[in-house]
Amino acid sequence: MRYASILVFGLLALFVIQHVALRAVGGRTVKSESNYFSSLGRIQAGVRSQPLVMVLGSSITGRLPDCAQGFEGVANLGCDGGSAVDTIRAIDEGRLPCAPVLLVEANSLPVALRGESKVAEAMREPWFRVGLHVPAVSAYARPAAFLYSPLLASRTGGYEDPGGADLGVKSRPGEPPAGWTELTLSDVERDLVADLSPRIRAIRESGTRVVFVWLPPARPRGAEPQPWIRQLVTASGSEWWDIGQQASPDLVCLTDGVHMDAATATRTTNSILSVFAR
Numbered sequence: 005m006r007y008a009s010i011l012v013f014g015l016l017a018l019f020v021i022q023h024v025a026l027r028a029v030g031g032r033t034v035k036s037e038s039n040y041f042s043s044l045g046r047i048q049a050g051v052r053s054q055p056l057v058m059v060l061g062s063s064i065t066g067r068l069p070d071c072a073q074g075f076e077g078v079a080n081l082g083c084d085g086g087s088a089v090d091t092i093r094a095i096d097e098g099r100l101p102c103a104p105v106l107l108v109e110a111n112s113l114p115v116a117l118r119g120e121s122k123v124a125e126a127m128r129e130p131w132f133r134v135g136l137h138v139p140a141v142s143a144y145a146r147p148a149a150f151l152y153s154p155l156l157a158s159r160t161g162g163y164e165d166p167g168g169a170d171l172g173v174k175s176r177p178g179e180p181p182a183g184w185t186e187l188t189l190s191d192v193e194r195d196l197v198a199d200l201s202p203r204i205r206a207i208r209e210s211g212t213r214v215v216f217v218w219l220p221p222a223r224p225r226g227a228e229p230q231p232w233i234r235q236l237v238t239a240s241g242s243e244w245w246d247i248g249q250q251a252s253p254d255l256v257c258l259t260d261g262v263h264m265d266a267a268t269a270t271r272t273t274n275s276i277l278s279v280f281a282r
């Protein structure tokens with residue numbers, strides 16, 4: 005009995021410490037000891053914020069600042085090692101809540117052709133669902149996250165304040181270009197389009213606006229997105245927005261040839277807010 009009392013008291017004390025630590029860092033951390041736990045924590049914290057815009061994608065999306073950095077109304081649901089397909093399925097199946105606007109990062113969608121990511125598998129686990137509602141047991145409350153978050157900031161640089169400079173993109177989301185239908189697809193691509201199209205249409209029919217967006221970095225000049233991605237956009241009745249191609253190259257800086265640095269990520273989120281915050 006005494007041992008049980010000590011165990012319960014110790015667990016309660018740890019929960020109190022985690023709660024205090026989370027409050028001290030603004031309610032959430034942004035990086036854990038692995039991309040896996042960082043992604044799960046990012047998703048759990050993002051959906052708790054009840055955002056206007058959810059950005060679904062990969063580690064490219066994962067670099068964007070969101071409500072955790074003061075960009076109110078935006079939640080970053082990037083899955084490192086995965087793609088927006090992981091979170092689209094979770095939303096369609098009721099495992100994640102939805103937002104009025106879903107931005108679907110198109111850059112990394114081909115990753116989904118290889119199957120589900122480890123993050124997608126974890127989102128089906130009971131402990132993940134508990135962490136959506138109880139911050140103290142979420143992936144962003146792991147002790148290592150309190151150490152790794154400042155280390156990430158020292159590597160990528162600090163985010164700028166919301167409402168500042170954006171990428172200079174003048175276009176707005178709209179109908180996909182003509183000719184994005186009746187394209188030749190492989191069997192795997194056709195199956196993925198057949199799986200995702202009704203899911204996205206169901207999400208749209210619930211009142212959510214779905215926009216496929218190409219984030220920085222841009223594709224090579226003159227290159228179109230893969231045919232199956234173009235067909236998915238049209239078959240699901242979604243909108244298209246090419247930020248990456250239209251951003252001024254002078255405003256885009258990458259840390260490794262693929263991922264945005266903090267300044268570019270800030271400008272990208274400001275571009276998103278310039279459209280959807282209204």
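When you number the sequence shown by the numbering used here, it's gap-free, plus one each residue, and the end is 282.
From the three backbone atoms N, C-alpha and C, an ideal C-beta is built for every residue, glycine too.
CA-to-CA distance, residue j to residue i, given in whole angstroms
i, j, result
"LEU200", "VAL89", "8 Å"
"GLY261", "ARG223", "12 Å"
"PHE75", "THR273", "8 Å"
"SER43", "LEU81", "8 Å"
"VAL39", "ARG225", "Here residue 39 turns out to be Asn, not Val, going by the sequence shown. Rounded to whole angstroms, ASN39 to ARG225 spans 31 Å at the Cα level."
"GLY45", "GLN235", "32 Å"
"SER121", "VAL141", "22 Å"
"CYS83", "ARG67", "10 Å"
"SER112", "VAL138", "31 Å"
"PRO202", "ALA124", "19 Å"
Cut-off 8 Å between Cβ atoms - residues of its own chain near residue i, not counting five sequence neighbours on either side
i, result
"ARG2", "Since the displayed the chain opens at 5 and closes at 282, residue 2 lies outside it and no answer follows."
"LEU255", "ALA169, LEU171, GLY172, THR268, ARG271"
"LEU258", "PRO220, PRO221, MET264, ASP265, THR268"
"GLY178", "GLU243, TRP244, TRP245"
"GLY77", "PRO55, LEU56, VAL57, CYS71, LEU277, PHE280, ALA281"
"ARG297", "Residue 297 lies beyond the residue range present for the chain, which begins at 5 and ends at 282; the question has no answer from this structure."
Cβ pair residue i, residue j closer than 7 Å
i, j, result
"SER175", "GLN250", "yes"
"MET58", "ALA72", "no"
"SER87", "SER62", "yes"
"CYS102", "ILE95", "yes"
"ALA49", "TYR144", "yes"
"THR238", "PRO181", "no"
"GLY248", "TRP218", "yes"
Sequence-distant residues of the same chain with beta carbon closer than 6 Å to residue i, five excluded per side
i, result
"VAL192", "LEU117"
"GLY167", "none"
"GLU129", "none"
*Enumerated in chain order, which unbroken segments of the alpha helix (DSSP H) with a length of 4 residues or greater are wholly contained in the region 210-257?*
The alpha helix (DSSP H) runs lying completely inside the region 210-257 and spanning 4 residues or more are 231-239, 247-250, given in chain order.
*Between the region 107-127 and the region 203-219, do at least 3 Cβ pairs fall closer than 8 Å?*
yes
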